[in-house]
Every structure is written in structure tokens, then in C-alpha cells.
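Student:
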Amino acid sequence: MKHLWAAVAVLAIMLLVFSWNGARLTNLIEPQQDTLDLAVQAARTGEWEQTEKLTQQVADHWKDSISYLHLVQSHRDVDEVTILLEESLEYAQTQNISTYCAINARIQGLMDGIRMMEKFSFENLM
Amino acid sequence: MLTAVVRTVILYLVIVIGIRLMGKRQIGQLEPSEFVLSLLIADLAAVPMQDFGIPIIMGVIPIVTLLCLSTILSVLTVKSIRIRALLCSRPSIVVQNGKILSHEMVKNRFTVDELMEELRVAGVTDLDSVKYAVLETTGRISVIPRKEEQPPTAKDLGVSVEEDGLPVIVISDGRILTENMKVRNLSDQWLNQQLTGRKIQDLSQVFLMTVDEAGKVYLSVKEGAQ
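If you read the sequences in order, they're chains U and D.
Under this note's numbering, think of the first position of the first sequence as 61, with each following residue one higher.
Under this note's numbering, think of the first position of the second sequence as 147, with each following residue one higher.
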């Protein structure tokens, strides 16, 4: 019976840890997405200094979390977001509105994908 | 490349520990659930081993989950006869008193050719000599010959024989196993006497030395040592 309870405990701990991980990912990514939304709004109103500052903020935050993200997520998706954030920063500096918005949309899509991947949902189960 | 080596080492250790937790069975003796588990573990480990884009934890977590489920099921199969029958099925008698029970053969999708092959492996060529042939849950056939076909035992012949008991290794490749010496209550003095009696000056000359419960000694000297 000792083995049975040990196995049940390990499964329960894993469920708890990964539920926490899902919540942590959401808390990590959602504010970044909100900041990127603000950056796009600023770009549309021509406030490029603010756009650059907000994009840089997201890129820095993303880089700070990269070890954790590599530990729990597909490296390809995480690396792609990193590269796209660098590109986005370049377009913010050159004040290219259409490309900046297009790249931001791709970043938002990838971030959504990463966030949704850890969500316990019917779609993910299937 | 260094990543590949380290990842392979980690996953290999996880699998070795996992297989060790499964017990000491060989592939041919695995229950269906254990066989499925072995296949899944091998497959799960192979993917993150080759693809560095997948976090190693994605390979380790499903393996740990499978091992936990396997442990839970193995404990439940020990505790409950119903679960055991459901997961491991039950042994089926396919030959009784020399007669093939065709309904059991059909139920287990076991062909006559397979049955004959298994009987030949067991050294049986005449079906009439078989009292029972049992298809075990591992897929192997246990053959029980009729009493008159079985070789006589010492008990049948009324002969008294001494039990040798289990031999334990006392010296392995020149090293004394002190724990085993204690098991047989042997002293260093006794060991020295045994070695001098066999004209062995150095322990390193001994490849294997065993002592059974009756005190019978088997000693094998290394090639070219004497």
C-alpha cells in the first residue's frame, strides 16, 4: 500500500505543480500582451518613442523569463517570439507602422498559443 | 552535441530507474499492461532525446506519470482478483487429459501450430502424454505431463538425499564478500585454511569461491594463475 500512496502522491503533486505552472504562464504572458496592445495603439497615434519603450519593456521581460520558458515550453515557439520581438523593436525604431503591426499580431498569436498550451481545456485534451 | 549526450544520459537514467521499479521480469514474461508500458516509455524517451526543441521535461513527465499509473495498477492487481483478471486476464487450460479444448483455443486466438510449437519447446511430441497445457497470462504455455510420464523423483524411489542448500559467493574475482562470510558463519582463519589446502597463496588467484549450506566448497582459479 505504501507504493500505491507514493504513486498517488506523485501524481497529485504533478497535477498541482502543472496547474500552478499554467497559472504562472498566464500571469507571465497576459501582461506582456496587454503592453504590446498599448504599444500598437501608441504606434497608430504616432507616439513612436512610447511604442519603442513599451516594446523594449516586453522584450526585456521576455528575455528575463527565457530559462523558465525553455524549461516548460517548446523551444521553437519561445525562440520565435524572442526573434520577433527583436524585429518588432527594429520596426518601431524605423517607424514602419504596417510591418510593426503585422509582427505584433504574430507575436500575440504565438504568445496565445504558448499560454493556451498549458490550459486544461477540452480542446487541448483532444 | 553536448546537449544530446547529457539529454541521453538523463533520459537513460530515468528509463533504467523506471524499468527497475517495474521489477525483474524479462520482456517475454511481461503482462500486457507492462508490455505496453515498456513500448510507451521507449517511445516517449526517444523524442526529446533527438529533438532539442522539445523540453526534456516533456519526455520525463509522461514517463513518471506512466510509472505512477503502473505502480497503482500493480498494487491494485495484487489487492483485487477482479482487477487482476481484468488487466492480466486468467490462465486458460488449452489441453486437458490429452484433449485439445478448441473453445479455449479460439477464445485466446491461439492456433494449433502455436500450441504444437510450444509443446515441442517443452519436449512433448505426444499430446496423449499431456495432463494439462495451460496458456499463461504472459503468453507462454506450461505443460504438465501425466503422472506416469513424469520422471521419478528421489521421493518416488524412496531414496534419501542430502539438501545442498543455496551456495553463496565468498570470493568473487579476488575480492572477499564479508557479508556472505557472515551469512555462513565463516572466519578468516577458515578461509585461509581452505586456500592453503588448495595451494593458493594470493586471493587475486581466485576467480570464484562458493560455500553451500552443507559447507561444500566450490573454488575456481583464474586461468593461468596456477
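Positions of the beta carbon are idealized from the N, C-alpha and C atoms, including for glycine.
Using 8 Å as the threshold, is the C-beta distance between residue 88 of chain U and residue 127 of chain U below it?
Tutor: no
Student: Beta-carbon within less than 7 Å of residue 173 of chain U's beta-carbon, same chain only, minus the 5 sequence neighbours each way: which residues are those?
Tutor: 137
Student: Assuming residue 78 of chain U is part of the alpha helix (DSSP H), what are its boundary residues?
Tutor: 62-104 is the span of the alpha helix (DSSP H), which, as asked, contains residue 78 of chain U.
Student: Can you name, in chain order, every residue of its own chain whose Cβ lies under 7 Å from the Cβ of residue 213 of chain D, other than the five neighbours on each side?
Tutor: 164, 167
Student: For the alpha helix (DSSP H) containing residue 158 of chain U, name the first residue and the last one.
Tutor: 157-177
Student: Taking Cβ positions only, does residue 322 of chain D come closer than 8 Å to chain U?
Tutor: no
Student: Should the segment 232-250 of chain D be regarded as contacting the segment 268-283 of chain D, the criterion being three or more beta carbon pairs within less than 8 Å?
Tutor: yes
Student: Of all the CB atoms in chain U, is at least one closer than 8 Å to the CB of residue 297 of chain D?
Tutor: no
Student: Which residue from U:148, U:117, U:71, U:107 puts its Cα closest to that of residue 209 of chain D?
Tutor: U:71
Student: Could one say the Cβ of residue 74 of chain U lies closer than 8 Å to chain D's Cβ atoms, at least one of them?
Tutor: yes
Student: Is the segment 108-123 of chain U in contact with the segment 139-157 of chain U, if contact means three or more CB pairs nearer than 8 Å?
Tutor: yes
Student: Using only alpha-carbon positions, find the residue among U:110, U:66, U:93 that is nearest to residue 166 of chain U.
Tutor: U:93
Student: Give the single residue among U:82, U:99, U:83 whose Cα lies nearest to the Cα of residue 117 of chain U.
Tutor: U:99
Student: Taking one C-beta from the segment 349-356 of chain D and one from the segment 311-321 of chain D each time, how about it: are there three or more such pairs within less than 8 Å?
Tutor: yes
Student: Whose Cβ in chain D lies nearer than 8 Å to the Cβ of residue 103 of chain U?
Tutor: Those do not exist, as residue 103 of chain U stays about 32 Å from chain D at its closest Cβ, beyond 8 Å.
Student: Comparing alpha-carbon positions, which option in D:244, D:370, D:366, D:313 lies nearest residue 357 of chain D?
Tutor: D:313
Student: Give the straight-line distance between the Cα atoms of residue 248 of chain D and residue 289 of chain D, rounded to the nearest whole angstrom.
Tutor: Cα to Cα, the separation comes out at about 17 Å.
Student: What residues from chain U crowd round residue 211 of chain D, counting only those whose CB sits closer than 9 Å?
Tutor: Against chain U, a Cβ distance below 9 Å from residue 211 of chain D picks out 70, 71, 74.
Student: Report all residues from its chain with a CB closer than 8 Å to the CB of residue 291 of chain D; omit the five preceding and five following residues, and keep chain order.
Tutor: 270, 275, 276, 277
Student: Measuring only the C-alpha atoms, how far is residue 203 of chain D from residue 160 of chain D?
Tutor: 11 Å
Student: Spell out whether any CB of chain U is found under 8 Å from the CB atom of residue 290 of chain D.
Tutor: no
Student: According to DSSP, is residue 198 of chain D part of a helix, a strand, or is it coil?
Tutor: coil
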